[in-house]
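Let me begin by presenting the structure, written as structure tokens, before commenting on it.
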Amino acid sequence: MSAKRQEIKTIQPALQPVKGHGGWVASLLLAAVWLVLPSIGIAAEGTATGPTEYRDIPYIGSRNLVWIVAQLHLLLAGFVLGVPIFAWLCEVIAWRGGEKRYDKLAKEFTKLLTSAYATTALFGGILLFLLVAFYPKLMNYLTDVFFPSFLLYCMLFLLETATLYLYWYGWDAMQDGRKKTLHVFLGFLLNFFALFIMIVPNAWATFQSSPVVLSEGTALERAWAATWNPTWWPINIHRLIANVVLGGYICGAYAGVRYLSVKSKEDREHYDWMGYVGNFIGVFGLLALPFAGYWLMREIYQYNQQMGITLMGGFLSWLFIIQAMLIGVLFLGSNYYFWLGITYRIPGSEAKYRRAMLMMLVSLLLCLAVWMTPHSLVASIEEAQKMGGAHHPLLGVLGVMSAKMTVSNLMILITFMSFVMYWRAGKQDTAGWAKFGKAVMGAVLVVASLAVIVLGVWGYFVPAIVRINYFSTSQVAIVGFVILTITPLTALLLKSAKTTTEMVWGSMPPRAGYALVLNAVMVILLMTLMGYARSSSRVHWHVYGVMRDTSPYAYSPALGSASLIMAFCTFFFCILVAFIFWVATMGDKYKTTSGTGKGDLPQGIPAMAGGAPGKQRQ
Amino acid sequence: MGALGKPIILMVAMYVFLKFILPNIPGSAPLPSSLIFLYLLLTAAGIVIFETLSGESKDAFWGPMERFLTGENLGGLQALRYGVLVLFPLLVGWQTYGSTASSDAPPAESRTIHPAPPGEYTGLSNPVPKTPENIMQGKGFYAAFCSPCHGGNFDGKGPAARGYNPPPANFADPTTIAMLQESYLFWRIKKGGVGLPIEGAPWKSAMPRWELELPDEWIWKIIMGEYDGAHQSPRTWE
Amino acid sequence: MSEVAQLQLIALSIVGIGILILLFIKAVFLRVTGFVAIVLGLFSLMSLAVPQLASLPPAEEKIDIASIKTPTDIASIGQTVFFSKGQCALCHSIGPSESARCPDLKGIGAKLSKDFLYESLTDPQAFVYQDYRHGGVPKEYPATMPAIDKDPIGLSKNEILAVIAFLQQMSGEPISVSTSELEIPGQPSPAPVKAAESSPLAIAQAH
Amino acid sequence: MKRVNHVMKRVLRGALAAIAALIIAEASLSFAQESVAVKATIVTGGLPVDDPNAAIWSSAMPATFPMSPQVHWPNRIQEVTVKDVSVRALHDGNQVAFLLEYSDPSEDQDDAAAFEFMVGDKKAHFAHGQPMLQVEGGPVNIWFWKHKEGKAVDMTAKGFGTLKPQTHQDVKAKGVYSNGSWKIVFSRSLTTDHPEEDVQITPGEFISIAFAVWDGRKDAVGELVEKGSQKAVSSWWYFRADAPPDYSGYMYAAIAAALALGFQFVLIRKLKKGQ
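Have a look at this one:
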């Protein structure tokens, strides 16, 4: 207890970042982690009476170490769960659509899985040991509550591992006919188990933020009650989508890096195409992600107003401005890649689409400007005095939820239209109803945008609950409706369309590769940022409102110092992924040089740019 | 220089708009520099994105810039080039000086206006029935205890308000009490400025800790009177 | 140099390293690494430019039993217990709430007597009024009410009385729990007390 | 077509003029704003510690702060006489002197004024360092002057009812009333031997400062209108004693400029090579 008071004293000037931990700087050094590992337990902090509640390690601090390892484990897990979804989708497309290169792509990524899976498990194991060592009291409590689901988790692990080995090693053996069907089924099973491997630990984590009361009962009943807590499903859905996004963008980034370094024409074409597919899958997950995030936030608010305000209006409110910036860059980067695709892959189309691209860009930037405008502004005292407080009298209205919700819906619409434009580029409609169809689509789009804006403005004048329950959901429904009407209409139109300009793969400029890398880094950063947000929103509780954190690390660090740890996690994760890719592709080079080559690479790729992804969603 | 000129003009126009025109719209105020920086950054990002969309536009954009920097075929503009080349390091140096040298401006402050309430104030509802008499009584209490600062018109402009920084809350503003539940107001009135968490900068708030002077029931009535008088309604889950 | 300035310097040097790599190194992988370094450095600089707030745990305030003089004091302790150790607010709300997993407790202090409340807390299944507002078929709720005086919550008699006082106060009722009913501290309480901190009349997590 | 051009030109010219006017208006506006900080300029050759009317005071920038009736704690009053105070400060490296000016229609024996400072690292509430519920606060140092006594009292408080004169008195004050306004000089050495009670002034650092004024007039029945907690107060503002010139900023600037120059050099060389 006295150590804690001491700590509070050292961090008392808390409007400055947290002081006092020499570990902050050191924590940037990976080396320190390993040097310090053997000394775990040196600083065991326990009283003579009672069992040890916390242990610490010097320099880096137990909390920071757990933070980094947990974050890396989570990112790897997201990758390991996202890649099979991605790979399986590609396999199904190849299986149903008969395009071999999707199968190749799927296999190329499944190849990563074994080593990625092992790395994830390794970090999971390290995390478990660290948690048991550093937080015995908390782990004891959680074990009490969740004991049955620990067993379930172990079992799932066995099943997942077996399925994974069958899926990967059986790939070539199960290529044809019914065997392929079986293989696709294996892929499904793999994802099915993976889903449960995700949602079981999600229950442990969400229970910490939104515990429910536990009455007497069998261990199973108690574990089940605790599992079914208010934020469990919102998190499950949010993470599932986010994992698809992560998988897609990482695929894109890998393709981007390879695209920058390969020389041969075929390779360039292949990686250009792969980058396109990765970006495409990432974007389509991204379109759904804000809705899932909104649902999660709403559940948190409903569960506990205090936690909701801590996140949105309290000490974490700045975090959401940073989040807005990262998501903004992600949206810009994804659209930029689409637009680059139009101008570079479809020769001569630039003049036709430049205007439309400018309009979309300006709208996107306007939306971003609204989204990034904070409610309380960073201002010097003088500036604040001129404004009459921390709110700007005019722009302050942009800071509230109604405005943010509106622009994020609009941004999703714009990004969707970017894709539709890309899809339609280089094609000429031949259908008789083409004019009419386009008019309908245009009308739907305009009416929907207006409706979203009107609801957003109206949202200022109705009670919050009406806005949350009716207006925001209507906005989401409208955007969903637009996507669901325009996609099939466009697909129908393009079925009969004549291709005027063939798509040229492998002609993208280097900056396209960097854009893909940027998008992946943004997604990873966002995940680390949200990891910090989730942990900090519990403030000084291990289990919110039930078990208080009485360790010296009960405080939450300021965003600035936390950002360096997040940046480190992101960087280290990128390196890990690069390593996994490198290990997995080492064999290929050997094969390539020994003569097989990539002979069956696609040449005429006309339908693919738009057609194939369209098929994929139907 | 056309491709290069337009973006420069756009940036300058944007700056002039944000710095000099927007603040002079009625009901507006000068923007803090952080916000101006943010908007200019977005503009710059937009320009770079648009100008690099295709090979041709990229060349049209970077080409003159490159030629300018390398000084090839520049002719009369050579002097300007040297000027820019000298100015850029000086500008960087000046910026560095500005951010490292001790400044006359006091540290920027960020105060969270509606920080998270303690857990035990999140789930309460008003136990006092919402009758016209109770609301009237609440308005009476408001006039006696709150209006000196928060104003007879609920606009935060009471006669005693002027010396206080942060200023008393303006209840007529839809982003204050209309966004909050009654229980939040109960906490703020009961515990006052000193009850704020650190992000609310409790040391600056003049709000009294009314629990020492008023019974809970009066506080609940004041809340009803406040919402009624400011023509707002509390946030609810119904 | 202030802490923020030091961190800014670190972030700036990360950006600088990235720029150097992009300027001088041709290997693609390293160039991409440099690019990532620039992005991450800028992210940190941005995070350092917003207000830096750490969230500190509130002090654990001791409540002296001698300071409890009026029923209102008991009710205010009850409020703390209701929202923290008692875990009541995990399910119940006072007033309408969308998230409430159990009956809304608004007005319950006026509807039920003190003894009935006490029994409902310690032996919740004795009378199953699963939804006391409705007559007829009881409404099902997702959570089952635990006996509040047993593990894992284990409130002492004093704490239960305090919660009842709070509920009565929140119903606009006169508080019928008097200070004389509270057990004198020092004497062992019949309820299981695990550690010092589970007896909030001695120590409470007050804010 | 020509006509259109002409109109366009006129519109453009008008817009330019409007912008110029706005810029000028902006500049004048920023001049007339209220202050947020008191700045003590460095002087050499002695501070005017006994002379509120010394010519050297005009070399210090006045800072104006609005005042309010004290409402945080009973007893309250609804209105106060003094609506604004103006503060100047000077220091010479050893001592600091403040000049407090405010208008007061009458000279009364009970007229009084005070400065308040936060002491130490912890934030203190401006109402006498009253304890805060979620934040551990620190003490405040109060320099109190009363016309009747003609001297300053150096006091410490940490919460209401804890205000006590210190055992060691370090502050001097002198007030002069003329033409309906008070001018009061407070002075002290920058640092003292009692850092836990007295504010320690390090040149270059911002210190929180607040003000209070009592108008000593009496009402019809001879009772003091403003006394004790019934007074005019201000919020926390900042005070900073200017630091002697520091050249490290120039060093950092030079390093940064050199780096920028190097970057520019390498970039242009690369561009010339056509990379």
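Note that the protein sequences, when read in sequence, are chains A, B, C and D.
If you want our numbering, it's the 1-based position in the first sequence plus 143.
If you want our numbering, it's the 1-based position in the second sequence plus 1271.
If you want our numbering, it's the 1-based position in the third sequence plus 492.
If you want our numbering, it's the 1-based position in the fourth sequence plus 914.
Glycine included, every Cβ here is placed at the ideal spot set by N, Cα and C.
Distance between beta carbons of residue j and residue i, contact taken as under 8 Å
i          : j          : result
SER680(A)  : LEU454(A)  : 5 Å
VAL1147(D) : GLY1317(B) : Not really, about 49 Å apart at Cβ, beyond 8 Å.
HIS1421(B) : PRO1445(B) : Contact doesn't hold; Cβ gap of about 16 Å is too wide.
ILE424(A)  : VAL387(A)  : 7 Å
Sub-9 Å separation of residue i and residue j beta-carbons
i          : j          : result
SER407(A)  : MET538(C)  : no
GLY510(A)  : LEU553(A)  : The amino acid at residue 510(A) is misidentified as Gly; the sequence shows Cys. Yes, the Cβ-Cβ distance between CYS510(A) and LEU553(A) is below 9 Å.
ASP1133(D) : VAL996(D)  : no
GLN660(C)  : ILE652(C)  : no
PHE1442(B) : ILE1490(B) : no
THR671(C)  : ILE560(C)  : yes
TYR284(A)  : HIS685(A)  : yes
TYR1368(B) : ALA954(D)  : no
HIS986(D)  : PRO1117(D) : no
GLY533(C)  : ALA658(A)  : no
ALA1387(B) : ALA607(A)  : no
LEU129(A)  : LEU1293(B) : The first residue shown for chain A is 144 and the last is 761, placing residue 129(A) beyond what the model contains.
PRO1419(B) : GLY532(A)  : no
LEU961(D)  : ALA1011(D) : yes
MET981(D)  : ASP998(D)  : yes
LEU672(A)  : GLN466(A)  : yes
ARG244(A)  : HIS381(A)  : no
ASN1055(D) : GLU1111(D) : yes
DSSP state of residue i mapped onto helix, strand, coil
i          : result
GLY1089(D) : strand
TRP1151(D) : strand
SER258(A)  : helix
GLY1500(B) : helix
TYR202(A)  : coil
GLU1380(B) : strand
THR978(D)  : strand
LEU1302(B) : coil
ASP1330(B) : helix
ARG990(D)  : coil
Residue i burial status per 10 Å Cβ neighbour count (16 or more: buried)
i          : result
VAL531(C)  : buried
HIS1082(D) : exposed
ARG321(A)  : exposed
ILE718(A)  : exposed
GLN571(A)  : exposed
GLY491(A)  : exposed
TRP482(A)  : buried
MET729(A)  : exposed
GLU600(A)  : In the sequence as presented, Glu is not what sits at residue 600(A); that position holds Val. Exposed, because fewer than 16 other Cβ atoms sit within 10 Å of the Cβ of VAL600(A).
PRO595(C)  : buried
ALA362(A)  : exposed
ASP246(A)  : buried
SER1162(D) : exposed
ASP607(C)  : exposed
PHE1100(D) : buried
PRO1109(D) : exposed
Quick check for students: name the residue ranges of the alpha helix (DSSP H) that lie wholly in the region 385-450 of chain A, counting only runs of 4 or more. Runs of the alpha helix (DSSP H) spanning 4 or more residues and lying entirely within the region 385-450 of chain A occur at 408-446, in chain order.
Could you tell me which uninterrupted beta strand (DSSP E) segments, each at least 3 residues in length, are contained entirely in the region 1044-1119 of chain D, listed from first to last along the chain? Listed in chain order, they are 1054-1060, 1065-1071, 1086-1092, 1095-1103.
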